[in-house]
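Note sheet for the following structure.
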Amino acid sequence: MLLDDLRREAKETAIIGLGKSGVAAGLLLRDHCVPVYASELRDSDSTNAWAATLRSAGADVELGAHDLARIARAGTVIVAPGVPPEAPPLRAAVDGKVPIFAEVDLGFTALPATQFVALTGTNGKTTTTSLVAHLMQAASLDAVAAGNIGLPLCEVARRPAPPNWVALELSSFQLHDCPHVKPRVGVLLNLAPNHLDRYHSLEEYYGDKALLFRNADAGSVTISNADDPAVQAMVTGLPGRHLRFSVRERADGWYDRARGRLMLDDVPLLERDHLPLLGDHNVANALAAALVMRAIGGPPEGMAAGLASFRAIEHRVEPVREVRGVLWINDSKSTNVTSTEVAIAALERPFVLLMGGRHKGEPYTRLGPLLRPRCRAVVAYGESGDLIERDLHGAVRVVRAGTFENVVETAASLAQRGDAVLLSPACSSYDMFNNYEERGATFRALVEAL
């Protein structure tokens, strides 16, 4: 496996990109005495702190530049998920025939005794990964959620007593460089256009998602969304056992809308009113998590109690508070048009929608028909503000705002008692914030100050 090979080879490993993933990978490698060179273009307070951590472990770290010749001579490259394949250091690795692996792939090879449930999809990954870990813990399993959810898998691998189970969230960026990952259960939640600012085509993006199943065999379990034709096309013909969930029709896990129940085959699992999450998309997420537990032998009564005790994840259709009869909802994690569509569908009130940030390549026009019936106005901001105004012209009132404080003030002036204000940007955060978490936290603080 990868970590054992790097330890034996004793050649330098180059880590491209710091952040939590890069630091965790570097520390794991240094734990095993593998020489490390790490480089990062950003030179900031946070990157300097990460660099100091790695240097104290014996790694050589360069900020503000990449030594391309050194990378081309490395034995292996470990890449952080935010680094695109066309970036100069990765091109140097390819030209030098240096193998490239994701941090999560390194972590997987360092956890041979741990069993994995791996989840991917365009939307809902973090909520469903958290649900799976929560249900495992409710069933007294030794389990954590890791990966794209924010806890690097290499950090888990460094623990003195690694967990027996990991619910592993995987992005398409991570899957691109994960040849070793082979989960006991693989979950594909949905597929929709995303990251078209990085991928050359939708097919290329879907192709990376499909890599979750590259090592599937007769012992694998695949859980998939029966309501999504693209998902079903991807999983058809995969070896192993298949379980499907649906909010539209009968399946292994399904939503009996007439009776308001989540079902496993013919057995009622949970009353819809007892699931404390908004929207049909979260019913689907809960059904997927329940099928994971069925696949690994979890008792139905424990699943129901676990689902009922789960709470909304930060920044994902998260109710913040009600102010003067207006419910403010933080959905900062919605960084693409499809996830904003899902958030809109979860609302039952008239609403004001806050959209903006850095454009990711997909037009906003298809939101128009969804907004027309109940959206009082869209407050557009950031780099994509002009595009949002152009694409939604004639479908809904669009009001421009400048600073993020002005965005919240404008929304407060537009919303009426009984409405909701929904932050669901459909864009990345990088024009105004370091990440979507900072954007959501800023929104929450401004709402609390109203």
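Those letters in the sequence shown? Residues 0 to 449, by numbering that gives the first Met the number 0. Where a beta carbon is used, it is the ideal one built from N, C-alpha and C, also for glycine.
Mark Pro-368 as exposed unless 16 or more other C-beta atoms lie within 10 angstroms of its C-beta, in which case mark it buried.
exposed
Report buried or exposed for Met-233, applying the criterion of at least 16 other Cβ atoms within 10 angstroms of its Cβ.
So Met-233 counts as buried.
Here's a check: name, in chain order, each residue in its chain whose Cβ is nearer than 6 Å to the Cβ of Ile-387, leaving out the five neighbours to either side.
Closer than 6 Å at Cβ, skipping near neighbours: Met-354, Tyr-363 and Ala-379.
One question on the structure: do Leu-67 and Glu-39 come within less than 7 Å of each other, judged by their Cβ atoms?
It is not a contact, given that the beta carbons lie outside the stated cut-off.
Do the stretch 254-266 and the stretch 307-320 make contact, defined as three or more Cβ pairs closer than 8 Å?
Short answer: they don't touch.
If contacts are defined as beta-carbon pairs under 8 Å, then Ala-112 and Ala-73 qualify, I think. What distance do you get, rounded to the angstrom?
About 29 Å separates the two Cβ atoms, so there is no contact after all.
Hey, out of Lys-10, Asp-104 and Ile-15, whose CA is closest to Cys-32's CA?
Comparing Cα positions, the closest option is Lys-10.
If you measure between the beta carbons of Asn-214 and Lys-181, is that distance less than 7 Å?
yes
Please classify Ile-312: does DSSP put it in a helix, a strand, or coil?
coil
Mapping DSSP to helix, strand and coil, what is Met-354?
strand
Terminal residues of the continuous alpha helix (DSSP H) containing Ser-338?
Where Ser-338 is concerned, the enclosing alpha helix (DSSP H) starts and stops at 336-344.
Mind checking which residues open and close the alpha helix (DSSP H) that includes Gly-401?
Element bounds for Gly-401: n/a, residue is neither H nor E.
Which one of Asn-433, Glu-447 and Val-446 has the shortest CA to CA distance from Asp-44?
Cα-wise, what sits closest to Asp-44 is Asn-433.
Using a Cβ distance threshold of 8 Å, determine whether the stretch 257-272 contacts the stretch 99-114, with at least three qualifying pairs required.
no
Write down every uninterrupted run of the beta strand (DSSP E) in the stretch 9-72 whose length is 3 residues or greater and which is fully enclosed by it, in chain order.
Listed in chain order, they are 12-15, 35-39 and 59-62.
Would you list, in sequence order, the uninterrupted beta strand (DSSP E) runs of no fewer than 3 residues that lie entirely inside the stretch 203-272?
220-224, 240-245, 252-255, 260-263 and 266-270
Can you tell me whether Tyr-380 is helix, strand or coil according to DSSP?
Tyr-380: strand per DSSP, three-state reduction.
Output the distance between the C-alpha atoms of Met-0 and His-179, rounded to the nearest integer angstrom.
Near 8 Å, if we compare the C-alpha coordinates of His-179 and Met-0.
Assuming Leu-130 contacts Asn-335 (C-beta within less than 8 Å), just tell me the rounded distance between them.
Their Cβ separation, rounded to whole angstroms, is 21 Å, which puts Leu-130 and Asn-335 out of contact at 8 Å.
Hey, Leu-190 and Thr-121 are a contact pair by Cβ (cut 8 Å); roughly how many whole angstroms apart?
6 Å
Mind checking which residues open and close the beta strand (DSSP E) that includes Ile-99?
99-101
Just reading off the beta strand (DSSP E) that Ile-328 is part of, what are its end residues?
If you look at Ile-328, you'll find it in the beta strand (DSSP E) that goes 325-329.
Using a Cβ-Cβ cut-off of 6 Å (strictly less than) and excluding sequence neighbours within five positions of Ala-307, which residues of its own chain qualify?
Cβ neighbours of Ala-307 beyond the five flanking positions: His-273.
Nearest-angstrom Cα distance between Asp-30 and Leu-210?
29 Å
Measuring only the C-alpha atoms, how far is Ala-345 from Pro-424?
15 Å
Look at the Cβ atom of Gly-175, then the Cβ atom of Asp-207, and state whether they are nearer than 7 Å.
Contrary to the premise, residue 175 reads as His rather than Gly in this sequence. Against a cut-off of 7 Å, the Cβ pair of Asp-207 and His-175 comes out as a contact.
Leaving out five residues before and five after Ser-438 in sequence, what residues of the same chain have Cβ atoms less than 6 Å from its Cβ?
For the sequence presented, residue 438 should be read as Arg rather than Ser. Cβ neighbours of Arg-438 beyond the five flanking positions: Ser-331, Ser-428 and Phe-432.
According to DSSP, which residues form a beta bridge with Arg-320?
Trp-327
Could you give the first and the last residue of the continuous beta strand (DSSP E) run that contains Ile-77?
Following the DSSP letters along the chain, one finds Ile-77 inside the beta strand (DSSP E) bounded by residues 75-78.
Under the assumption that Leu-110 contacts Leu-167 (Cβ atoms under 8 Å), give the Cβ distance between them as a whole number of angstroms.
The Cβ separation is near 10 Å, so there is no contact.
For my contact list, Val-186 and Ala-287 are in at a C-beta cut-off of 8 Å; report their separation, rounded to the angstrom.
The beta carbons of Val-186 and Ala-287 sit about 6 Å from each other, so the pair counts as a contact at 8 Å.
Going along the chain, which residues of its own chain have a beta-carbon closer than 6 Å to the beta-carbon of Val-407, five neighbours each way excluded?
Leu-445
One question on the structure: do Asp-196 and Lys-96 come within less than 7 Å of each other, judged by their Cβ atoms?
no
Alpha carbon to alpha carbon, how far is His-65 from Cys-153?
23 Å
Please determine, among Gln-136, Val-230 and Arg-240, the residue with the shortest C-alpha to C-alpha distance to Arg-183.
Minimum Cα distance to Arg-183 is reached at Arg-240.
Using DSSP with H/G/I as helix, E/B as strand and the rest coil, what is Glu-447?
helix
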